[in-house]
Each structure stands twice: as C-alpha cells, then as structure tokens.
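Residue numbers for the sequence shown follow our numbering, beginning at 458 and rising by one.
Every residue, glycine too, gets a C-beta built ideally from N, C-alpha and C.
Only a predicted model underlies this, so the values are computations on that prediction, with no experimental measurement involved.
These notes concern the structure reproduced below.
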Amino acid sequence: MDTIFIRGIAVEAIIGIYEHERVNRQPVIVDLELDTDISAAVQSERVEDALDYESLTNSVEEFIKSSDFQLIETLSEQLAQHILDHSKALAVRLTLHKPNALSNARDVGLVISRPQTNQPLHSQTQSV
C-alpha cells in the first residue's frame, strides 16, 4: 500500500455552534493521507492512472466552502466520505484543524481514518 499526503489545505468555512460562527467564515485546515495503489501510474506514467491530488485538493476546497456544519465531527465524516466517493483512494486519514476555536489554545482538531467501502455513492462521477 502506498500513501499520498496533502497537508495544510486552508479553507474559510461556516462551522460551529455559536452565533458568530454561523455568520462569519473562519479558517479550517485539512491534512490528508490517502492510501492508494500507485503501480498502474508507475507503469504508465499517466496522471489518469494516478490519484490526481490537484483535482482532489480543489474538490476538498469546494466541498468545505459549500458546507454548513455545526460540528467538526460532522464535517470530517462527510468530507472523508466525499473523498472516498470521488477519488481512487482506498482509505483516507483526515485531520481537520479549527485553529480559532479556542482563545487559549493554538489549535483544536479531529483525526479520523476511514476505509473505502468499494461501493462509491457517486460511481458515475469521474474519479480524481
């Protein structure tokens, strides 16, 4: 198994339970580790056979920008499923940081790991 990582995807999002969090966007930062099989890409040298991390990063950014969750737990779970449904990842380890959540802490976040279920919800959508 091979792992591709993407660290520090910064997006402004509506996330939180407090009134000011429901009105004002705030930063969330996403780190990803994506288990994948790179053998086809190594053989062909074609991006079509690889996990396209540029497209995936853009997809993550758009998903978060258009989201409206109260809890980082919900955003993390839905984002992990989105990644698995729309990429060649076999599993994802996702860290979601909410750096402005607490005034007396530098960072707050959540780490989740989810495997591919082999039944993408959007199988007709092009994988990245």
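Nearest candidate by alpha-carbon position, reference residue 512, set 524, 568, 460, 545 = 545
If we count Cβ pairs, one from each stretch, closer than 8 angstroms, do we get three or more for the region 519–534 versus the region 490–510?
-> no
Determine the closest residue to residue 541 out of 479, 482, 490, 478, with distance taken between C-alpha atoms.
-> 490
Along the chain, where does the alpha helix (DSSP H) that runs through residue 542 open and close?
-> 529–542
Thinking just about the alpha-carbon of each residue, which of 519, 543, 494, 561 is nearest to the one in residue 469?
-> 519
Where the alpha helix (DSSP H) containing residue 500 begins and where it ends | 496–501
May I have the straight-line CA-CA distance separating residue 574 from residue 471, to the nearest angstrom?
-> 29 angstroms
Enumerate in chain order the residues of its own chain whose CB-to-CB distance from residue 564 is below 7 angstroms, with the five nearest sequence positions on each side excluded.
-> 554, 556
Spatial neighbours of residue 479 in its chain, beta-carbon cut-off 7 angstroms, leaving aside the 5 residues before and after = 471, 473
State the CB to CB distance for the pair residue 488 and residue 547, rounded to an integer number of angstroms; the pair is presumed to be in contact (CB under 8 angstroms).
-> Actually they are not in contact, since the Cβ atoms of residue 488 and residue 547 sit about 18 angstroms apart, beyond 8 angstroms.
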